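Visitor: The structure under discussion is supplied below as structure tokens; questions concerning it will follow.
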Amino acid sequence: MMTDATEGRPLRGALIGHGFIAERGHLPAYRECAGRGGPLQIVAIADSCPARRERARATHPEARIYDDWASLLAREEGRIDFVDVTTPPAFHAEIAHGALDRGLHVLCEKPLTTSPAEARSLLDHALRVRRVIYPSHNYKHAPVIKRVRELLDEGIVGAPSLVTLQTFRTTHAKGVAEWRPDWRRERRYSGGGIAMDHGSHTFYLAFDWLGGYPTAISATTSTLDGHDTEDNVACSIRFPTGMASAHLTWTAGARKVIYTVHGAKGAIRVEDDDLEITTTARGAPEVLRERLPSDWMDASHVKWFASLIDDFAGAVARREWVGKDAEDAVRCIELIGAAYASARRSGREQRLGAASLVPAVTHGGAHGLLR
Ligand SMILES: NC(=O)c1ccc[n+]([C@@H]2O[C@H](COP(=O)([O-])OP(=O)(O)OC[C@H]3O[C@@H](n4cnc5c(N)ncnc54)[C@H](O)[C@@H]3O)[C@@H](O)[C@H]2O)c1
């Protein structure tokens, strides 16, 4: 029986994969948390690329550095409480299972895995060993997105029944130059193109705003620039409460997100930091504008990660082994798989598993997931 001896001291963690998002996003966020007395610290780092280990030694001299994740887990036994997985997606499942096997909590970058079966198996494993599995769904932590949640809670547009989500990027995101900067265009590392890389962010926001999980999707994909993985996906998604439509592209003319959320009393429009709210909730129709600086142009998202890391620490403290974010991660990967299946059939609608409203979080590991 694994014990949990973390009470009263910071949680010690290991970062696996010291690439772009680890160096520029996660590690500065851990530092920011530590600076304000936060409950997490990174004490070990693994990376399979010698140049990335050199970089880690230079920037984090206090951390113990390993050349592969399995040796790190073996040698750090008893010295760490969690791992933060920041490798390309194809490696997430085996690393996360390895960490859970050793009784460690797992924070894992999106997509949690590249197949729904792997994702579900990770949640089952976490429940079995009573450890937290937590995906890095950081867009929920952008100030402007937090504000949308507040506005919806206030009922400013009524219950949402239509959501549109557009993510414009001028190229695929690049990994660090020392490893394989274009791994997102190699299916064996990425599991897919922009739908696999960015679809999770789009889809967990849709789940949140429409208050449930989808029942069907039809999608088309295209590869305009001739690579191994798609650079455009457009899809329509049915929910018990309404519809979502999404377009994600790596071939846009400008970097931008535009989201809209519609209900019987009005609509919210997000364009990067800007919010426009059209509402009749207070009687006469009115249009309100707000600006919430959210650093959309900076892909490292340090502030969003600092907020996410706090949430992960909270899940560990509450012994919330498999929470809403973990369930969302599985549903995202199911939806991405269904989008690819639909695209292979010229956009034919694909049904998804039983529709459900958002399930309650699963505390304490004593019971199974609501599905
Ligand atoms: N949430 C976000 O906003 C966000 C942003 C960027 C990237 N990401 C995610 O972070 C992950 C990494 O992306 P990135 O852009 O930092 O990639 P990257 O290529 O910059 O970094 C990957 C690192 O992992 C190392 N690596 C590769 N295979 C390994 C293995 N088997 N064991 C140990 N190390 C290994 C590489 O050497 C490299 O240093 C991906 O899952 C990506 O989707 C998330």
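Quick note on this note's numbering: the sequence shown kicks off at 581 and runs consecutively. Just so you know, even glycine gets a beta-carbon here, dropped at the ideal spot from N, CA and C. Since we're looking at a predicted model, the values are computed, not measured.
Is ILE596 near ligand 1, judged by its Cβ being under 7 Å from some heavy atom?
Guide: Flag set: Cβ of ILE596 near ligand 1.
Visitor: Between the stretch 883-903 and the stretch 706-721, are three or more C-beta pairs nearer than 8 Å?
Guide: yes
Visitor: Straight-line CA distance for THR795 to GLY843?
Guide: 20 Å
Visitor: At 4 residues or longer, and completely inside the stretch 619-679: list those alpha helix (DSSP H) runs for me, N to C.
Guide: Counting only runs of 4 or more, we get 630-639, 649-655.
Visitor: Figure out for me which residue from LEU607, VAL902, PRO691, ASP878 has the closest Cα to the Cα of GLU642.
Guide: LEU607
Visitor: Secondary structure at SER798, three-state DSSP: helix, strand or coil?
Guide: strand
Visitor: Could you give the distance in angstroms between the alpha-carbon of GLY917 and the alpha-carbon of GLY933?
Guide: 12 Å
Visitor: Might you give, ordered along the chain, the residues of its own chain that have their beta carbon closer than 7 Å to the beta carbon of THR831, omitting 5 neighbours on each side?
Guide: Cβ neighbours of THR831 beyond the five flanking positions: LEU804, ASP805, ASP811, ASN812.
Visitor: Excluding the 5 residues flanking ALA602 on each side, which residues of the same chain have their C-beta closer than 7 Å to its C-beta?
Guide: LEU595, THR666
Visitor: Identify, in the order they occur along the chain, each residue of the same chain with its Cβ nearer than 8 Å to the Cβ of ILE797, setting aside the five sequence neighbours on each side.
Guide: Correct list, in chain order: CYS815, SER816, ILE817, ARG818, LEU915, ALA918, ALA919, SER922, GLU929, GLN930, LEU932.
Visitor: Between the C-alpha atoms of ARG729 and TRP789, what's the straight-line distance to the nearest angstrom?
Guide: Each residue's alpha carbon lies about 8 Å from the other.
Visitor: How long is the line joining the alpha carbons of ARG644 and PRO630, rounded to whole angstroms?
Guide: 14 Å
Visitor: Got a sec, what are the start and stop residues for the beta strand (DSSP E) ALA594 sits in?
Guide: 591-596
Visitor: When you compare each of SER628, LEU692, LEU732, ALA824 to TRP759 by their alpha carbons, which one comes out closest?
Guide: SER628
Visitor: For the alpha helix (DSSP H) containing HIS778, name the first residue and the last one.
Guide: Boundaries of the alpha helix (DSSP H) around HIS778: 774-790.
Visitor: Please report the residue range of the alpha helix (DSSP H) in which PRO715 lies.
Guide: First-last for PRO715: 713-716, but that is the beta strand (DSSP E), not the alpha helix (DSSP H).
Visitor: Quick one: Cα of LEU702 to Cα of LYS690, how far?
Guide: 14 Å
Visitor: Which class does ILE838 belong to by DSSP, given the choice of helix, strand or coil?
Guide: strand
Visitor: When we look at the beta-carbon of THR750 and count the other beta-carbons within 10 Å, is it buried (16 or more) or exposed?
Guide: exposed
Visitor: Shortest alpha-carbon distance to HIS640 belongs to which of LEU653, ILE625, SER651?
Guide: ILE625
Visitor: What are the uninterrupted segments assigned as beta strand (DSSP E) that are 3 or more residues long and contained completely in the stretch 838-872, given in chain order?
Guide: 846-851, 854-859, 866-871, all fully within the stretch 838-872.
Visitor: DSSP three-state call for ARG727: helix, strand or coil?
Guide: helix
Visitor: Could you name the residues of the same chain whose beta carbon sits closer than 6 Å to that of GLU856, not counting the 5 residues immediately before and after it, in chain order?
Guide: ARG849, ARG869
Visitor: Looking at the unbroken alpha helix (DSSP H) that takes in SER887, where does it start and where does it end?
Guide: 882-898
Visitor: Given the structure, does ILE889 come close to ligand 1, in the sense that its CB is under 7 Å from one of the ligand's heavy atoms?
Guide: no
Visitor: Let's see if you can read the secondary structure: which residues bound the alpha helix (DSSP H) around PRO952?
Guide: Past the edges of the chain, shown from 581 to 951, lies residue 952, and the structure says nothing about it.
Visitor: Could you check the C-alpha separation between LEU785 and ILE675 for me, to the nearest Å?
Guide: Taking the CA atoms as reference points, LEU785 sits about 26 Å from ILE675.
Visitor: Does the Cβ of SER926 have 16 or more other Cβ atoms within 10 Å, making it buried, or fewer, making it exposed?
Guide: exposed
Visitor: Between ASP664 and LEU684, is the Cβ-Cβ spacing less than 8 Å?
Guide: Not a contact, by the Cβ cut-off of 8 Å.
Visitor: How many angstroms separate the CA atom of LEU731 from the CA atom of ALA834?
Guide: 28 Å
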